[in-house]
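Protein chains in written order, with my numbering: chain A, 1 to 360; chain B, 361 to 720.
2 protein chains.
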Amino acid sequence: MASLTESGRRPIRLADIAKAAGVSHGTASNVFSRPEIVREEVRERVKAAADALGYAGPDPKGRLLRAGKVNAIGVATTEPLSYFFDDPFARVMMAGISEACDATGAGIALVSAGNEEKLAWNIQSALVDGFILFCIEGGPRLVELTRERKLPFVALELGSQDDTVSAISIDNVAGGRLAARHLAELGHRRFAVLSLAFADDSTGLVSPEQVRTASYTGTRDRLLGYFEELSRFGVDTAKVPVYETENDKASTRAGLETIFASAEPPTAILAMSDRIAMVALEWLNARGIAVPRDVSVVGFDGVPEAATSEPPLTTIAQPIAEIGRRAARRILDFDGTVRRETLDVELVVRESSGPPPSTG
Amino acid sequence: MASLTESGRRPIRLADIAKAAGVSHGTASNVFSRPEIVREEVRERVKAAADALGYAGPDPKGRLLRAGKVNAIGVATTEPLSYFFDDPFARVMMAGISEACDATGAGIALVSAGNEEKLAWNIQSALVDGFILFCIEGGPRLVELTRERKLPFVALELGSQDDTVSAISIDNVAGGRLAARHLAELGHRRFAVLSLAFADDSTGLVSPEQVRTASYTGTRDRLLGYFEELSRFGVDTAKVPVYETENDKASTRAGLETIFASAEPPTAILAMSDRIAMVALEWLNARGIAVPRDVSVVGFDGVPEAATSEPPLTTIAQPIAEIGRRAARRILDFDGTVRRETLDVELVVRESSGPPPSTG
DNA sequence: CATCTTCCTTGGATCGATTCAAATTTTTGC
DNA sequence: GCAAAAATTTGAATCGATCCAAGGAAGATG
C-alpha cells in the first residue's frame, strides 16, 4: 500500500475509489448516481474510500461526454461580456432568460469575445445545449458562426430577414405606427426622427435611397411604421428629417443640433430607442426647451430607466423579458423546428408627450 | 428545404469523417486542431468529407475531457439567477468579473438554483475551472458545497471568519469609522443605525448581546467601526439605537418608524447599505423631513444608484468592480494558495449629509 | 545505392465517467 | 434443501475527442 496522504498531482478518479473499495467501477459509479441500487454495506465502503482518498465526486467532464446534455444555455453577443450587466435592455432580457432557466434548473453561459477570432473559438467551444444570440451588432456573422455548431439557437434583435434562422422579434412597423399615431393625434404635424442605424458605419441625415437599401430591417420597419401613420394624417414624410445616430450621446446630440438648426424645428421627436430619447430629453432640457410643452418625445423599447427619466418617457414598450423567456424556452424545449415569432409592442404614455404648442 | 444531410439520428463524429476521408482519426483530428502539420491534399480531402457529412466540428464535450480546462469561471449564489441582472451591487461586481474574463477570453457560467437540492447538483455539475461565490445569503452552505468540488474558489461578501477559504472582502471596520467620523465631524451627536442582519432571521432593535454573538461578521465590523469612532467623539454608543433590517423596504421602514418614535430622534442615520439608505431617503422625504437639513444619511456600498438618488447619497464606497476583477483573476491565475484579501473603502461625500440642525 | 533527415500519418492509449447485458449472489417459496 | 425469482455486481463498451511514440515515404547526402 502506498501512502494515502499523497495529495499529489493527479486528481482522484472514480476508478481509484473503485479499486480502493474493492468493487468494479460500475458499482462505484452507482454509489454516486443511483445509490439505492447498491447494497448498503458496499455503499458505505465505497463512500469511505472516497472520503479517505479525498475524491471530489464524479467529474462532470466525464459524465458530460456520456450524458450528452450540458443543461446550460449559451447567450452570445459580439459585445464585451460586461454588456450583459451594463445595458438596460440586455439586463431585462437576461432577467427573462434567467427566469425560464431557473424554472428548469438550467444554467447560463455567457459567451462573447473582444475580437472576431476569439469569438469564433468561444462559440465553437462553448459547453451548452443551445444558443441565444444577441444580434445588436454583427448579427449575420454571429448567426453564421453559431450555425456551424449545429445546435439549436434563437436570434434576438436580428436585423435581417433570414428565414432559415429561428428568431423572436417584435412588430417594428406596428410600433412605429403606434408612436406616430399617438403624436399625430395629439395634434403634432412637424416631426423629426432620430433613428438607429440603417446600415453599418453610417450616420447623419438619411436619404430615401438609404432607407430602401437598409440592411437593418428593424430600423427600416420602425421608420416605415412612422411614415405610414404620418401620411395618414396628411404629413409630408419627404420633409421629415431622419437623422441616423449610433445610439449614443455624441451622435444623438449631433442629430439634435442638425434638426433644431432648421427654420421650422419639429414639435415632436420620434426616437428609435429609449436611449436616444433620453439623450434628447437631456439635450432639450439643457437648451431650455420644455418637454412636453415645446417639444414632445416618444422613445422605443421600454427599458426601466424610461419610467424614471425627467420627465418620464412616453415610449413603445417591447415585451423584453417575455422575449427572453420565450427564447430560453425555445432552446430548453427544442422541437427541431425553425420559427420566426413576432411579438406585439405597446404604447406606454408617460409625460414626455403632449399637444404641440399652439402656433401663434 | 436545402441540403441538411439527414444521415440518420446520430450526430457525425470525427471518426466518421476520418473513415469517409480514408485517414486515421489522428490525422482527422489534426486537420482541425493543427492543420499546418497535415499535408494540404489530405487536409482538403478531410475538410471535403466533413462538409459532405455535415460535421459540426470537433465536439467540445470530447475535447474537454482530454484537455481538462473548461476556460470558464462559475459565479454562484443562492439567489435566483435574475439576481445577477437585477441587483445593482451584483451588476457592478459582475462587470468587474466580466472585464477580467474578457481580458483572458474566459467565459462565465452563472450557477444558482431555487432550492437547496438543485443548487447542490448545479454546483456539482457546473463545467467550470473555478468558482466565485456570492455569499450574500447562505454563505457557509455555499462554501461547503463548493469545497466538495475541490476546484479553486473565492468567496465574496463572506459574512464569516473562516480562514480556510480564499476570500476578498473590504475593511468593514474602517468603513464604519469613516462614515461615523464624517457625521461626527459635521457636529452630529444623536445617531441611529439601520443595520444589516447580525444573524439569520432576526430583525428589530439589537442588543449588545446579539452584536457580540453575531454570525455575520461584516455587519458586526461595520457597527464596531461606527461605535469606535462615535466613542472618540464622546457619544454614548449604548444609547444609539441599532435596528436590524432585512435590507429591504418593509423592514427598513419599520426601523425608521421605531427610531423616529423616540423622544430624541437622531439627526444622523448610519445605514449599512445604500439600499437601506435610499429607502430611508424616500421615507424621510415622504415625512417632510429634509435631508440633510433635518437629518443626515450616510450609506454603505457605493452602488451607482446612490449617485443619482434624491438627494445624492453620501456613502462608503466599496471598490466593487475591483473586487470582481480580483476575484476573477484569483481563479484565472490560480496559484494553489488560500488567501484572504481586504480592500480599502472610501468615503464619498455627496448631498445627503450636512451639519445637524442648530438646537434651539 | 545505402543512409540519414524530414515530414506525415498511423493507431493505441487516455481523459472520467455511465450504461447495460450477463454473471453472481441472496431471497423467497414450497 | 432446492429451484426460481429477486437483488447486486461485474466488466466491457461507449461517449468524442487529443496526444504521442512509432512507422513509412519522399527527398537529401555521401
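The beta carbon of each residue, even a glycine, is placed where N, CA and C say it ideally should be. Here the structure is a predicted model, which means the values were calculated and not measured.
Chain-order list of chain A residues neighbouring B/L424: K61, L64, L65, S125 and L127, by C-beta distance under 9 Å.
One finds F445 in chain B with Cβ atoms closer than 7 Å to the Cβ of A/M94, taken in chain order. From the beta-carbon of B/A410, no residue of chain A is found nearer than 7 Å; the closest lies around 11 Å away. In this structure B/L518 is buried. Its beta-carbon is surrounded by 16 or more other beta-carbon atoms within 10 angstroms. Classified as exposed, A/Q161 has fewer than 16 neighbouring CB atoms from the shown chains inside 10 Å of its CB.
Residue B/S485 holds the alpha-carbon nearest to the alpha-carbon of B/A473 among B/A378, B/R426, B/H548 and B/S485. The beta-carbon of B/G696 is placed no less than 8 Å from the nearest beta-carbon of chain A. For the set A/I136, A/T315, A/A52 and A/R177, the Cα lying nearest the Cα of A/A20 is the one of A/A52. For the set B/G714, B/S718, B/A534 and B/R689, the Cα lying nearest the Cα of B/T464 is the one of B/R689. When the alpha-carbon of B/T697 is set against those of B/G382, B/N482 and B/T524, the nearest one is in B/T524.
The alpha-carbon separation between A/G218 and A/N172 amounts to approximately 6 Å.
Taking 8 Å as the CB threshold, A/V298 stays off the interface with chain B. Distance from the CA atom of B/G422 to the CA atom of A/L65, rounded to whole angstroms, is 6 Å. Taken through DSSP and simplified to helix, strand or coil, B/V488 comes out as coil.
Look at A/R43: its C-beta is not under 8 Å from any C-beta on chain B. The beta carbon of B/S611 lies closer than 7 Å to those of T563 and T605 in the same chain, with the five residues before and after it left out. DSSP places B/D561 in the coil class of the three-state scheme, outside both helix and strand. Check the Cα spacing between B/Y586 and each of B/G547, B/A539, B/P625 and B/T627: the tightest is with B/A539. For a cut-off of 8 Å, the C-beta gap from A/G176 to A/L223 is around 7 Å, short enough to register as a contact. A/H182 is not a Cβ neighbour of A/L332, given a cutoff of 8 Å. Of all alpha-carbon atoms in A/I136, A/V154 and A/F191, the one lying nearest the alpha-carbon of A/F233 is that of A/F191. By the neighbour-count criterion, in which 16 or more other beta carbons inside 10 Å mark a residue as buried, B/E589 falls on the buried side.
One alpha carbon belongs to B/V655, the other to A/W283, and they sit about 34 Å apart.
Of the candidates B/P601, B/I528, B/N607 and B/A614, B/N607 places its Cα closest to the Cα of B/A559. Residues of the same chain with a CB within less than 6 Å of the CB of A/R45, apart from the 5 flanking positions on each side, are A21 in chain order.
For A/G139, the uninterrupted alpha helix (DSSP H) segment begins and ends at G139 to E148.
The count of Cβ pairs closer than 8 Å, one atom from the stretch 69–82 of chain A and one from the stretch 297–317 of chain A, stays below three, leaving the stretches out of contact.
The beta carbons of B/I680 and B/G434 sit no closer together than 8 Å.
Taking C-beta separations shorter than 8 Å and ignoring five residues to either side along the sequence, the partners of A/N30 in its chain run I37 and V38, following chain order.
The Cβ of A/N172 sits no closer than 8 Å to any Cβ of chain B. Where A/S29 is concerned, the enclosing alpha helix (DSSP H) starts and stops at H25 to S33. Of all residues in the stretch 507–536 of chain B, those with a C-beta nearer than 7 Å to a C-beta of chain A are E508, R509 and K510, reading in chain order. For B/V398, there is no enclosing beta strand (DSSP E), since its DSSP letter is neither H nor E. Remark: C-beta atoms of B/A469 and B/L487 approach each other more closely than 8 Å. Distance from the CA of A/L186 to the CA of A/A268, rounded to the nearest whole angstrom, comes to 10 Å. For A/N285, there are no neighbours in chain B by C-beta distance under 8 Å, as the nearest C-beta there is about 15 Å away.
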